[in-house]
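As you go down the protein sequences, you meet chains A and B in turn. Residues 82 to 391 in my numbering are what the first sequence lists, from first letter to last. Residues 82 to 391 in my numbering are what the second sequence lists, from first letter to last. Glycine included, each C-beta is placed from N, C-alpha and C at the ideal position. Since this is a predicted model, take the numbers as computed values, not measurements. Data block below; observations after.
2 protein chains.
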Amino acid sequence: MSLVVVGSVAFDSIETPDGFVKDALGGSAVHFSLAAALFGQVQLVGVIGEDFPEDRHQLLRDRGVCTEGLEVIPGGETFRWSGKYFDDMDQRETLSCDLNVFEQFKPNVPAAYRDTDFLFLGNGAPVTQSSVLSQMSASPFTMVDTMNFWIDQDRSELIALLSQVDALVLNDEEAYLLSGEKNLVRAGRWIRKLGPRYVIAKKGQHGATIFHEDGETALPALPLADVVDPTGAGDSFAGGLLGSLQRSRRTDLDAIKVAVAWGTITASFCCGGYGVEGILSANQSSLRERFDHYRKMLDLGTVEIPLASL
Amino acid sequence: MSLVVVGSVAFDSIETPDGFVKDALGGSAVHFSLAAALFGQVQLVGVIGEDFPEDRHQLLRDRGVCTEGLEVIPGGETFRWSGKYFDDMDQRETLSCDLNVFEQFKPNVPAAYRDTDFLFLGNGAPVTQSSVLSQMSASPFTMVDTMNFWIDQDRSELIALLSQVDALVLNDEEAYLLSGEKNLVRAGRWIRKLGPRYVIAKKGQHGATIFHEDGETALPALPLADVVDPTGAGDSFAGGLLGSLQRSRRTDLDAIKVAVAWGTITASFCCGGYGVEGILSANQSSLRERFDHYRKMLDLGTVEIPLASL
Numbered sequence: 082m083s084l085v086v087v088g089s090v091a092f093d094s095i096e097t098p099d100g101f102v103k104d105a106l107g108g109s110a111v112h113f114s115l116a117a118a119l120f121g122q123v124q125l126v127g128v129i130g131e132d133f134p135e136d137r138h139q140l141l142r143d144r145g146v147c148t149e150g151l152e153v154i155p156g157g158e159t160f161r162w163s164g165k166y167f168d169d170m171d172q173r174e175t176l177s178c179d180l181n182v183f184e185q186f187k188p189n190v191p192a193a194y195r196d197t198d199f200l201f202l203g204n205g206a207p208v209t210q211s212s213v214l215s216q217m218s219a220s221p222f223t224m225v226d227t228m229n230f231w232i233d234q235d236r237s238e239l240i241a242l243l244s245q246v247d248a249l250v251l252n253d254e255e256a257y258l259l260s261g262e263k264n265l266v267r268a269g270r271w272i273r274k275l276g277p278r279y280v281i282a283k284k285g286q287h288g289a290t291i292f293h294e295d296g297e298t299a300l301p302a303l304p305l306a307d308v309v310d311p312t313g314a315g316d317s318f319a320g321g322l323l324g325s326l327q328r329s330r331r332t333d334l335d336a337i338k339v340a341v342a343w344g345t346i347t348a349s350f351c352c353g354g355y356g357v358e359g360i361l362s363a364n365q366s367s368l369r370e371r372f373d374h375y376r377k378m379l380d381l382g383t384v385e386i387p388l389a390s391l
Numbered sequence: 082m083s084l085v086v087v088g089s090v091a092f093d094s095i096e097t098p099d100g101f102v103k104d105a106l107g108g109s110a111v112h113f114s115l116a117a118a119l120f121g122q123v124q125l126v127g128v129i130g131e132d133f134p135e136d137r138h139q140l141l142r143d144r145g146v147c148t149e150g151l152e153v154i155p156g157g158e159t160f161r162w163s164g165k166y167f168d169d170m171d172q173r174e175t176l177s178c179d180l181n182v183f184e185q186f187k188p189n190v191p192a193a194y195r196d197t198d199f200l201f202l203g204n205g206a207p208v209t210q211s212s213v214l215s216q217m218s219a220s221p222f223t224m225v226d227t228m229n230f231w232i233d234q235d236r237s238e239l240i241a242l243l244s245q246v247d248a249l250v251l252n253d254e255e256a257y258l259l260s261g262e263k264n265l266v267r268a269g270r271w272i273r274k275l276g277p278r279y280v281i282a283k284k285g286q287h288g289a290t291i292f293h294e295d296g297e298t299a300l301p302a303l304p305l306a307d308v309v310d311p312t313g314a315g316d317s318f319a320g321g322l323l324g325s326l327q328r329s330r331r332t333d334l335d336a337i338k339v340a341v342a343w344g345t346i347t348a349s350f351c352c353g354g355y356g357v358e359g360i361l362s363a364n365q366s367s368l369r370e371r372f373d374h375y376r377k378m379l380d381l382g383t384v385e386i387p388l389a390s391l
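This is the structure we're talking about:
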């Protein structure tokens, strides 16, 4: 089994009520890769400038991320983003966004990646995401992410893309925007009709809802007392999801549900540190322990409650 | 086992984006009682005016609600509330609130109720809620509800009450207000220190989180495509919770968790119709079916995912 991610590689400067970090390693493909690498190998397609330090490149490789598809643009600068979180850590404001080499990103999937079994298309222009699909020699299980900007600006290209993918992950607010519905269940059902077999709505601290052929499955997030920095939590969620799905070698609903649970656990680690520090702090035993705790939290046992005869 | 509820009995006029209902049977004690009665007998303490129609009184009795503690004030008028929901059904605005006989409510618990095993103190003035506790001859498992008004206006009385009860249910926003925390886990932990063994934060469509001696347990709501009217959902949740807890004859964490699940299911029926119509539409088989679906939704099975060695 193999897993390819195409997305951004960036330097993030992040301000929270409790601290600040400058030029932290970030971007959708990085957060996804480091999360997925907790489960097995992952192959990254992205673009960086000449300013990208070798030690960070090495960090990715050390964690089991294949960077053969990481293109370096001579003389170019790497994507830079900065943002600020408000008190409740649910809302954030973008302070600056310099796309740099990512603006002209034309993903070129290495030949060795083209028959991958699983593919994640990180947030980006739908036309760019589509260009990746057309380079594939096999038909991978493909999950795509998007955001409000593309829903607003490239709606028809996005809808065309959705007819070709297996799964879509997006925020609840994006689901409302895309569907025009005000109820999440109606929104998810509406979006499923565009093509994806699975639509997964992320609700941050409120967990995620999977829309599938048999209806809806809602799973909570793991309650966290300390959210240091949620940047990358959505991509870490997707990384844990596809990383674990790859290991289960299945794509049926039961497997997706367990994979969403693993995505939830992975995202909880992401929130525990600035940038990728949270994910890097996770290991086999801490991951397994948190997953077991989560599974037990959701276990309603077998107690039968007698009901009244009315 | 026995269960007593003390709270309001009201006429509600409710406007939603899709419809309107005038003078529907409502109030915390009514919603709670009809929900709890799905599980077994419940004894209601409340106050009404002479305008309260006999057929509604009979409806309560027909559903297994003992109304011996429902006091009628001669010449008085029953509590009336009207409100309007916005598009997303998450927010509402109070249009009018005439407390009438509820303003001077001095609960008088019938002698036969005083040794009850379970007690629910519906939203009301903390000093009134405390007056009920002092009438009890036994030490029931007591759950209390409150709202932002009392947290703001009667903070010290509320805190005094909380030191004497077993459980508190409140909205997430109320938990933030009471604790001064911006993170729900911190808020719940802070509130538990005031006394209640269990603090249960209701998050509407996002489910509920239980704060207990071993940490936190988050459970999702049942995804609903059709929310007709959420009025009374919180009290129906509490009614299903304590109604099922009474039937399980337990108050340990495993029992509370299952009871919160039953509360979640009961509340989902409440949302399906105006006023108490939703709850009245539920029966043994529809309740059981929805609960089994919910339990299955949360079952993560036993699939083990191999993790990477890092």
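Checklist entry - Going by other Cβ atoms of all chains shown within 10 Å of its Cβ, with 16 needed for buried, is THR287(A) buried or exposed? => result Stepping through the first sequence from its first residue, residue 287(A) is reached at position 206. In the sequence under discussion, the amino acid at residue 287(A) is His, which differs from the Thr named in the question. It counts as buried.
Next on the checklist: Looking only at its chain, what residues have a beta carbon closer than 6 Å to the beta carbon of THR197(A), apart from the 5 residues adjacent to it on each side?
Outcome noted: The count along the first sequence starts at 1 and reaches residue 197(A) at position 116. Result list for THR197(A): SER83, VAL85 and PRO221, in chain order.
Checklist entry - How should PRO188(B) be labelled, buried or exposed, when 16 other C-beta atoms within 10 angstroms of its C-beta is the threshold for buried? => result Walking along the second sequence from the start, residue 188(B) turns up at place 107. The residue is buried, with at least 16 neighbouring Cβ atoms inside 10 Å.
Checklist entry - Three-state secondary structure (DSSP) at TYR257(A)? => result Mapped onto the first sequence, residue 257(A) falls at position 176. TYR257(A) falls in the helix class under three-state DSSP.
Next on the checklist: Any C-beta of chain B within less than 7 Å: which residues of the region 131-165 of chain A qualify?
Outcome noted: Against chain B - using a Cβ distance shorter than 7 Å - the residues of the region 131-165 of chain A are ARG144 and GLY145.
Item to check | Burial state of PRO311(A), where buried means 16 or more other Cβ atoms lie within 10 Å | outcome: Here residue 311(A) corresponds to residue number 230 of the first sequence, with the count starting at 1. By the neighbour-count criterion, in which a residue is buried when 16 or more other Cβ atoms sit within 10 angstroms of its Cβ, PRO311(A) is buried.
Item to check | Cα-Cα separation between SER325(B) and SER114(B), rounded to whole angstroms | outcome: On the second sequence, position 244 is the one that residue 325(B) refers to. On the second sequence, position 33 is the one that residue 114(B) refers to. For the pair SER325(B) and SER114(B), the Cα-to-Cα distance works out to about 12 Å.
Item to check | Span of the alpha helix (DSSP H), counted from its first residue to its last, around TYR375(B) | outcome: Taking the first residue of the second sequence as 1, we reach residue 375(B) at position 294. Counting along the chain, the alpha helix (DSSP H) containing TYR375(B) begins and ends at 365-379.
Next on the checklist: Please report the straight-line C-alpha distance between PHE167(A) and GLU96(A), rounded to a whole angstrom.
Outcome noted: Working through the first sequence from its first residue, we reach residue 167(A) at position 86. Working through the first sequence from its first residue, we reach residue 96(A) at position 15. Their Cα atoms are separated by approximately 9 Å.
Checklist entry - Per DSSP, what kind of secondary structure is LYS274(B) in: helix, strand or coil? => result The residue labelled residue 274(B) in the question sits at position 193 within the second sequence. Reduced to three states, the DSSP call for LYS274(B) is coil.
Item to check | Per-residue DSSP class, three states only, for SER109(B) | outcome: If you number the second sequence from 1, residue 109(B) lands on position 28. It is helical.
Next on the checklist: For a quick check, are the C-beta atoms of ASP307(B) and GLY353(B) less than 9 Å apart?
Outcome noted: Translated into positions along the second sequence, residue 307(B) becomes position 226. Translated into positions along the second sequence, residue 353(B) becomes position 272. ASP307(B) is a Cβ neighbour of GLY353(B), given a cutoff of 9 Å.
Item to check | Beta-carbon separation (whole angstroms), GLY203(B) vs VAL246(B), contact threshold 8 Å | outcome: Taking the first residue of the second sequence as position 1, residue 203(B) is located at position 122. Taking the first residue of the second sequence as position 1, residue 246(B) is located at position 165. That pair is no contact at about 13 Å.
Item to check | DSSP-derived helix/strand/coil call for ALA409(A) | outcome: Because chain A here runs from 82 to 391, residue 409(A) falls outside it and cannot be looked at.
Checklist entry - According to the neighbour-count rule (16 or more other Cβ atoms, all chains shown, within 10 Å of its Cβ), is PRO304(A) buried or exposed? => result For the purposes of this step, residue 304(A) is taken as the residue at position 223 of the first sequence. Under this definition PRO304(A) is a buried residue.
Item to check | Straight-line gap, ILE154(A) to VAL190(A) (C-alpha atoms, nearest Å) | outcome: The residue you call residue 154(A) lines up with position 73 of the first sequence. The residue you call residue 190(A) lines up with position 109 of the first sequence. Their Cα atoms are separated by approximately 16 Å.
Checklist entry - If you check the beta carbons only, do HIS138(A) and VAL357(A) fall under 9 Å apart? => result Within the first sequence, numbered from 1, the residue matching residue 138(A) stands at position 57. Within the first sequence, numbered from 1, the residue matching residue 357(A) stands at position 276. No.
Checklist entry - Mapping DSSP to helix, strand and coil, what is ARG330(A)? => result Taking the first sequence and counting its residues from 1, one reaches residue 330(A) at position 249. It is coil, neither helix nor strand.
Next on the checklist: Residues of chain B with CB closer than 9 Å to the CB of TRP343(A), please, in chain order.
Outcome noted: Position 262 of the first sequence, counting from 1, holds the residue named residue 343(A). Result: ILE386.
Checklist entry - Using DSSP with H/G/I as helix, E/B as strand and the rest coil, what is TYR355(B)? => result The residue labelled residue 355(B) in the question sits at position 274 within the second sequence. Coil, per DSSP.
Item to check | 9 Å Cβ cutoff met for LEU334(B) and ASP295(B) | outcome: Residue numbering aside, residue 334(B) sits at position 253 when the second sequence is read from its first letter. Residue numbering aside, residue 295(B) sits at position 214 when the second sequence is read from its first letter. Yes, they are a contact pair.
Next on the checklist: Let's test the definition: count the other Cβ atoms within 10 Å of the Cβ of ALA192(B) and tell me whether it reaches 16, buried, or not, exposed.
Outcome noted: As a position in the second sequence, residue 192(B) is number 111, starting the count at 1. Counting Cβ neighbours within 10 Å, ALA192(B) comes out exposed, since fewer than 16 surround it.
Checklist entry - Taking DSSP as the reference, what is the three-state secondary structure of GLY203(B)? => result By one-based count along the second sequence, residue 203(B) stands at place 122. Shown here, GLY203(B) sits in coil according to DSSP, grouped into three states, outside any helix or strand.
Checklist entry - Helix, strand or coil for ASN181(B) per DSSP? => result As a first step, residue 181(B) must be located in the second sequence, where it is residue number 100. It is helical.
Checklist entry - Name the residues in the region 351-365 of chain A whose C-beta lies less than 8 Å from a C-beta of chain B; which are they? => result Within the region 351-365 of chain A, the residues whose Cβ lies closer than 8 Å to any Cβ of chain B are, in chain order, ASN364 and GLN365.
Next on the checklist: With a threshold of 9 Å between beta carbons, is GLN172(A) in contact with chain B?
Outcome noted: In the first sequence, counting from the first residue as 1, residue 172(A) sits at position 91. No - not a single Cβ of chain B is within 9 Å of the one on GLN172(A).
Checklist entry - Which runs of the alpha helix (DSSP H) fall wholly inside the region 131-201 of chain A and span at least 4 residues, in chain order? => result With a minimum length of 4 residues, the continuous alpha helix (DSSP H) runs that stay inside the region 131-201 of chain A are 135-143.
Next on the checklist: On the criterion of 16 or more Cβ atoms from any shown chain inside 10 Å, does ALA219(A) qualify as buried, or is it exposed?
Outcome noted: Residue mapping note: residue 219(A) aligns to position 138 of the first sequence, counting from 1. Exposed: under 16 other Cβ atoms inside 10 Å.
Checklist entry - Among LYS263(B), ASP171(B) and LYS377(B), which one has its Cα closest to the Cα of VAL309(B)? => result Here residue 309(B) refers to the residue found at position 228 of the second sequence. Checked all of LYS263(B), ASP171(B) and LYS377(B); the closest Cα to VAL309(B) is ASP171(B).
Item to check | N- and C-terminal bounds of the alpha helix (DSSP H) containing ILE393(A) | outcome: In the structure displayed, chain A extends from 82 to 391; residue 393(A) sits before or after that span and is not available.
Checklist entry - CB-CB under 7 Å to ARG273(A), same chain, minus the five flanking residues each way: which ones, in chain order? => result Taking the first residue of the first sequence as position 1, residue 273(A) is located at position 192. Taken in chain order, the residues that qualify are VAL280 and PHE292.
Checklist entry - In the region 117-129 of chain B, which residues sit with their C-beta less than 7 Å from some C-beta in chain A, listed in chain order? => result From the region 117-129 of chain B, only ALA118, LEU119, PHE120 and GLY121 have a Cβ closer than 7 Å to chain A.
Checklist entry - Nearest to TYR194(B) by alpha carbon, out of LEU249(B), VAL123(B) and LEU258(B)? => result Position 113 of the second sequence, counting from 1, holds the residue named residue 194(B). The residue from LEU249(B), VAL123(B) and LEU258(B) with its alpha-carbon nearest to that of TYR194(B) is VAL123(B).
Item to check | Within chain A, partners of LYS338(B) - CB distance below 7 Å | outcome: Position 257 of the second sequence holds residue 338(B). Here the neighbours are LEU381.
Checklist entry - Roughly how many angstroms lie between the CA atoms of THR175(A) and ARG161(A), to the nearest whole one? => result One-based indexing of the first sequence puts residue 175(A) at position 94. One-based indexing of the first sequence puts residue 161(A) at position 80. One C-alpha to the other measures close to 11 Å.
Checklist entry - DSSP on VAL213(A), reduced to helix/strand/coil? => result Taking the first residue of the first sequence as 1, we reach residue 213(A) at position 132. In the three-state DSSP reduction, VAL213(A) falls in the helix class (H, G or I).
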